[in-house]
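Quick note, my numbering runs 237 ahead of the 1-based positions in the sequence shown.
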Amino acid sequence: MLIRNYAKSIVYGGMDGIITTFAVVAGSVGGNLGLAAIIVLGFSNLFADGFSMAAGDYLSSTTDKSVDSRRALKNALVTFVSFNLFGLIPLLSYLLLDRWPIFQNHTFSLACLLVSVALILLGLVKGTITEESRVKEILRTLFVGLLAALFAYYVGQFLGGLIEH
238 MLIRNYAKSI VYGGMDGIIT TFAVVAGSVG GNLGLAAIIV LGFSNLFADG
288 FSMAAGDYLS STTDKSVDSR RALKNALVTF VSFNLFGLIP LLSYLLLDRW
338 PIFQNHTFSL ACLLVSVALI LLGLVKGTIT EESRVKEILR TLFVGLLAAL
388 FAYYVGQFLG GLIEH
């Protein structure tokens, strides 16, 4: 299996895994929903959206007559694994670091840092696989990911404020 053959599925699954899971985390933090909501919503999103992404990859791959079902299934599995591996990163600080009092007031900041590092790594992987400018791909991936998180945070904060009043 050449990794280049699965570049789209790796990047697509990984990027969506990081962004959507972190959007759930950021929205929950912005809405002041608490640790339990972050964990429950984060993992619900991680597995359900990961499965949905894999199913979508499989179904969209099988619309192309030149792609056989075995190849489509491999694409779907790569998407699922990539989504879940990268999507777990935003939840790590809440699973591990929030348990220690020294980190509790900074868990979201640490999650932002972990997500930024993951986005940088994913951009590097994308640049390496596609043989495009690594710096350009890192910056593009980082910008899109953090913009989505920022948007989710402020939507969560806005809706949380509406519900509280």
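C-beta: ideal position from N, C-alpha, C; glycine also.
Being a predicted model, the structure only gives us computed values, none of them experimental.
- With fewer than 16 other beta carbons inside 10 angstroms of its own, Leu396 counts as exposed.
- If you draw a straight line from the Cα of Val304 to the Cα of Ile400, it is about 48 Å long.
- Taking 7 Å as the cut-off, the Cβ atoms of Ala309 and Tyr295 count as close.
- Within its own chain, the residues whose Cβ lies closer than 7 Å to the Cβ of Ala244, once the five positions on either side in sequence are excluded, are Ile366, Thr367, listed in chain order.
- Comparing alpha carbon positions, the residue from Ile276, Thr299, Asp301, Asp253 closest to Phe288 is Asp253.
- Residue range 371–401 is occupied by the alpha helix (DSSP H) that includes Glu401.
- A straight-line Cα-Cα distance of about 36 Å links Glu374 and Gly398.
- Close CB contacts of Ser246 within its chain, under the 7 Å cut and outside five residues either way in sequence, are with Asp294, Asn312, Val315, Thr316, Ser319 (chain order).
- Cβ-Cβ separation between Ala263 and Tyr390: approximately 4 Å, consistent with a contact (criterion under 8 Å).
- Counting C-beta pairs closer than 8 Å gives three or more between the region 346–362 and the region 375–386, which meets the contact rule.
- In the displayed model, Ser303 falls within coil according to three-state DSSP, outside both helix and strand.
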